[in-house]
Every structure is written in structure tokens, then in C-alpha cells.
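Asker: Residues in the sequence shown are numbered consecutively from 6, following the numbering used here. Just so it is clear, CB atoms sit at the ideal spot from N, CA and C, and this is done for glycine as well.
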Amino acid sequence: GLDSGRLFIVMEYVPGEHLKSLLKKRGRFSIDETLALMVQACAGIGYAHRAGLVHCDIKPHNMLITPDMRLKVADFGIARALASIQPEEKSDVVWGSPQYFSPEQAGGAAPSPASDVYSLGVVMYEMLTGQLPFTGTSADTLARLHRELPPPPPGQINPAIPPALEQILIKVLSKEPAARYRTADQLGRVLVSFSQQSNSATSLLSLDLPAAVELATPRQTAPAQTPPRKIERAENSLSPSQPAYQERLPLSASKQDSKGNPLQIDWVTIALGLLALLAVGGLFPFYLWVMFLFR
Numbered sequence: 006g007l008d009s010g011r012l013f014i015v016m017e018y019v020p021g022e023h024l025k026s027l028l029k030k031r032g033r034f035s036i037d038e039t040l041a042l043m044v045q046a047c048a049g050i051g052y053a054h055r056a057g058l059v060h061c062d063i064k065p066h067n068m069l070i071t072p073d074m075r076l077k078v079a080d081f082g083i084a085r086a087l088a089s090i091q092p093e094e095k096s097d098v099v100w101g102s103p104q105y106f107s108p109e110q111a112g113g114a115a116p117s118p119a120s121d122v123y124s125l126g127v128v129m130y131e132m133l134t135g136q137l138p139f140t141g142t143s144a145d146t147l148a149r150l151h152r153e154l155p156p157p158p159p160g161q162i163n164p165a166i167p168p169a170l171e172q173i174l175i176k177v178l179s180k181e182p183a184a185r186y187r188t189a190d191q192l193g194r195v196l197v198s199f200s201q202q203s204n205s206a207t208s209l210l211s212l213d214l215p216a217a218v219e220l221a222t223p224r225q226t227a228p229a230q231t232p233p234r235k236i237e238r239a240e241n242s243l244s245p246s247q248p249a250y251q252e253r254l255p256l257s258a259s260k261q262d263s264k265g266n267p268l269q270i271d272w273v274t275i276a277l278g279l280l281a282l283l284a285v286g287g288l289f290p291f292y293l294w295v296m297f298l299f300r
């Protein structure tokens, strides 16, 4: 707006603090906390990508975290419109933060949504390990490291990082933009899928195996007169190649029916067959009558 000849802008007030201050306090985040926040960050940046914008300055300082752990991406001050970016353009001025910008930004090349994906990867790396993938005393040193050296494997710094998540992070931090996920939306879907698979695996591991088997296959109870010692000896006599438990399934419905009807005669089918035979047989005299009538 304009007030007394001076321009102003009204922005949403977001209570809380930025992600960088939380990292300084906590050192690093858990896997679940990192995924929950990064999925939100990908949703915000992905919306910008779909609107034709590249943020160009993604870093934890520009991610505001509310007390209920909602994340909002801020500071689109140097964002670029995709329509204004020429793929072959080269700039002597490097825009962005040296700790978090992509290799192509470090070299003065044109940014793309994949550049934002790289920066999101640097933030996620810092959240999981508590440190940046590259450190240097100058912007030129950091730019060279981003362009030339692979980051230290995050699993070596934090062994709690699952190998599958480490592979996702390594892909995100690829030097070539084409080797990364193309947009923040795509990265977000990958993280959501990993989170769901991880939670499913955790749920399965938390189940008690014998109890799960009993739920899936009802156990036939032993006769009351069977001595417990005989059952114990029978279980101990199983060979190592046999399972430690043996289940007996109830008879299927077809086998149970066969006791009452050993010949398996389907009277309904026989009756329908006779009716069909009579119907076809009745057409033959009608055919002869028609032929005789028009002869």
C-alpha cells in the first residue's frame, strides 16, 4: 500500500522462531521430526514452483516454525520467475547463501526448481546430522566445495539415519540438477512415501510373532485329556528345519459338505439341463411342421 507517500507491505505474523535458532538449541532433530518439517517445507516451495517461481535462497533462517511445529517458508526477496530465466544465462553476481546454495548457483549459472531441491537437501542434512555438509572460511571456498566435492555420508555422522533415507539425501545433493528430484513437490512425495513405509515396518516389527500367527490361523486346541508332558516332548522333537509352531487349519466348506453328500450330485444343475434338453427337443417337431407347411 501507499501511506503519506511511503510504500508499505503487510505480512502475516508468524509466532515462534526460525529453524536455524532451533538447530542451535537442539543440535539436530529426530528422523520423524525432520520428515514432518521437511514435508511442510516441500509443500511450500512446491507451491511456489507450480506458480512459476524459484526461491533461490532456501535456508533454515527463512523457515519459520510455530509453537505447534508448523513450518512456513519466508523471504522471497531474490526469488526468480521461471519465465525470466534463460537456461544459458551466466551471472558474475552469485545470489543466495553460500552454505546452502546449489552448485549451479555457486557457478553463476541459471537457477531452476532443482536448485531449490538441493538447498532443501542441505537443510535436511543439517537437521539430521547437526552440521552442514560443507564448511569454509570464505564464500569462494564454499562455492568450490558445492561444485566439486561430495558431502560426507550422513550415516557416518548419525548412524540412526536409515540407509534408504540416506540414499534419498545423497540423490538430492547431486551436483547435476538432472540427477536430483526435479521439484520440491516430487521430493515431498518421496519423503511422505518413505515415512509411510517406515511406519508400516515399525508396526510389523512391534507385533508379537506367535500372537500374529494365532490371529491369522486359529490354533486347534489339544484335547483336555492330553498330558502336557507329551505335548512338550512332541514340540521338542521337531527337526531344526521345521517351524517351532504347527497350525491345523479347519476343514474347508467343500470338504465338510462332501461328508453329507459323497457323490457331489448337483440336482439343480441336472434339472436345468433337462429343461434345456426338452426345450431344444420341442423345436425339432416345430421345424418339421414348418417345412411340411411350406413345401
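Any idea if Tyr105 is buried or exposed, counting beta-carbon neighbours within 10 angstroms, 16 or more meaning buried?
Answerer: Here residue 105 corresponds to residue number 100 of the sequence shown, with the count starting at 1. Buried, since its Cβ has 16 or more Cβ neighbours within 10 Å.
Asker: DSSP three-state label for Leu28, please.
Answerer: Working through the sequence shown from its first residue, we reach residue 28 at position 23. Helix at Leu28.
Asker: Could you tell me the alpha carbon to alpha carbon distance between Met68 and Lys30, rounded to whole angstroms?
Answerer: As a first step, residue 68 must be located in the sequence shown, where it is residue number 63. As a first step, residue 30 must be located in the sequence shown, where it is residue number 25. Approximately 16 angstroms, taken between the alpha carbons.
Asker: Quick one: using the 10 Å Cβ neighbour count with 16 as the cut-off for buried, is Ser120 buried or exposed?
Answerer: Position 115 of the sequence shown, counted from the first residue, corresponds to residue 120. The residue is buried, with at least 16 neighbouring Cβ atoms inside 10 Å.
Asker: In or out: Val122 buried (at least 16 other Cβ within 10 Å) or exposed?
Answerer: Numbered from 1 along the sequence shown, position 117 holds the residue referred to as residue 122. Buried, because 16 or more other Cβ atoms sit within 10 Å of the Cβ of Val122.
Asker: When the Cα atoms are used, what is the spatial distance from Leu12 to Asn204?
Answerer: The residue given as residue 12 occupies position 7 in the sequence shown. The residue given as residue 204 occupies position 199 in the sequence shown. Approximately 50 angstroms between the Cα atoms of the pair.
Asker: Under DSSP, the beta strand (DSSP E) around Ile70 begins and ends at which residues?
Answerer: Numbered from 1 along the sequence shown, position 65 holds the residue referred to as residue 70. First-last of the beta strand (DSSP E) with Ile70: 68-70.
Asker: Work out the CA separation of Ala111 and Gln91 for me, nearest whole Å.
Answerer: Translated into the one-based positions of the sequence shown, residue 91 becomes position 86. Translated into the one-based positions of the sequence shown, residue 111 becomes position 106. Cα-Cα distance, rounded: 17 angstroms.
Asker: Note down, in chain order, each residue of its chain lying with its Cβ closer than 7 angstroms to the Cβ of Leu280, except the 5 sequence neighbours on either side.
Answerer: For the purposes of this step, residue 280 is taken as the residue at position 275 of the sequence shown. Excluding residues within five positions, none has a Cβ falling inside 7 angstroms.
Asker: Count the other CB atoms, across all protein chains shown, that sit within 10 Å of the CB of Glu153; report buried if there are 16 or more and exposed otherwise.
Answerer: Here the question's residue 153 lines up with position 148 in the sequence shown. Glu153 comes out exposed.
Asker: Bridge partners of Arg187, per DSSP?
Answerer: Translated into positions along the sequence shown, residue 187 becomes position 182. Paired residues: none, contrary to the question.
Asker: If I follow the unbroken beta strand (DSSP E) through Leu125, where does it start and stop?
Answerer: In the sequence shown, residue 125 corresponds to position 120, counting from 1. Where Leu125 is concerned, there is no enclosing beta strand (DSSP E), although the alpha helix (DSSP H) it sits in stretches over 118-134.
Asker: Roughly how many angstroms lie between the CA atoms of Ser117 and Ser200, to the nearest whole one?
Answerer: Working through the sequence shown from its first residue, we reach residue 117 at position 112. Working through the sequence shown from its first residue, we reach residue 200 at position 195. Cα to Cα, the separation comes out at about 27 angstroms.
Asker: At the level of alpha carbons, what is the spacing between Leu170 and Gly82?
Answerer: For this step, residue 170 is matched to residue 165 along the sequence shown. For this step, residue 82 is matched to residue 77 along the sequence shown. Roughly 31 angstroms separates the two Cα atoms.
Asker: Let me know the secondary structure DSSP gives His23 once reduced to three states.
Answerer: Counting from one through the sequence shown, the residue named residue 23 turns up at place 18. Strand at His23.
Asker: Give the list of continuous alpha helix (DSSP H) stretches no shorter than 4 residues that lie fully inside the region 134-207.
Answerer: 144-153, 159-162, 168-177
Asker: Does the separation of the CB atoms of Ile50 and His60 fall below 7 angstroms?
Answerer: Here residue 50 is taken as the residue at index 45 of the sequence shown, counted from 1. Here residue 60 is taken as the residue at index 55 of the sequence shown, counted from 1. Closer than 7 angstroms, so yes.
Asker: In the DSSP assignment, what are the bridge partners of Ala284?
Answerer: Along the sequence shown, one-based indexing puts residue 284 at 279. Bridge partners of Ala284: none, in fact.
Asker: Pro138 and Leu178 look like a contact to me (Cβ under 8 angstroms); what is the Cβ gap, rounded to whole Å?
Answerer: Numbered from 1 along the sequence shown, position 133 holds the residue referred to as residue 138. Numbered from 1 along the sequence shown, position 173 holds the residue referred to as residue 178. With a Cβ gap of about 7 angstroms, Pro138 and Leu178 count as contacting.
Asker: Spatial neighbours of Ala96 within its chain, please: C-beta separation below 7 angstroms, excluding the five flanking residues on both sides.
Answerer: On the sequence shown, residue 96 is found 91 positions in, with the first residue counted as 1. The sequence as given places Ser at residue 96; Ala does not occur at that position. Excluding residues within five positions, the ones whose Cβ falls inside 7 angstroms are Gly113.
Asker: Suppose you measure from the CA of Asn163 to the CA of Lys176; what does that come to, to the nearest Å?
Answerer: Residue 163 sits at position 158 when you count from the first residue of the sequence shown. Residue 176 sits at position 171 when you count from the first residue of the sequence shown. Asn163 and Lys176: Cα-Cα distance of roughly 18 angstroms.
Asker: Who pairs with Arg85 in a beta bridge, going by DSSP?
Answerer: As a first step, residue 85 is located in the sequence shown; it is residue number 80 there, counting from the start. Paired residues: Val59.
Asker: Can you give me the start and stop residues for the beta strand (DSSP E) that Lys77 sits inside?
Answerer: On the sequence shown, position 72 is the one that residue 77 refers to. Here the beta strand (DSSP E) through Lys77 covers 76-78.
Asker: Based on the DSSP secondary-structure assignment, which residues constitute the bridge partners of Leu12?
Answerer: The residue given as residue 12 occupies position 7 in the sequence shown. Paired residues: Leu7.
Asker: Between which two residues does the alpha helix (DSSP H) carrying Pro65 extend?
Answerer: For the purposes of this step, residue 65 is taken as residue 60 along the sequence shown, with counting starting at 1. Here Pro65 belongs to no alpha helix (DSSP H), and DSSP marks it neither H nor E.
Asker: If you draw a straight line from the C-alpha of Gly32 to the C-alpha of Gly135, how long is it?
Answerer: On the sequence shown, residue 32 is found 27 positions in, with the first residue counted as 1. On the sequence shown, residue 135 is found 130 positions in, with the first residue counted as 1. Going by C-alpha positions, Gly32 is about 5 angstroms away from Gly135.
Asker: Alpha carbon to alpha carbon, how far is Asp80 from Tyr52? Give it in angstroms, no decimals.
Answerer: Taking the first residue of the sequence shown as position 1, residue 52 is located at position 47. Taking the first residue of the sequence shown as position 1, residue 80 is located at position 75. Tyr52 and Asp80: Cα-Cα distance of roughly 15 angstroms.
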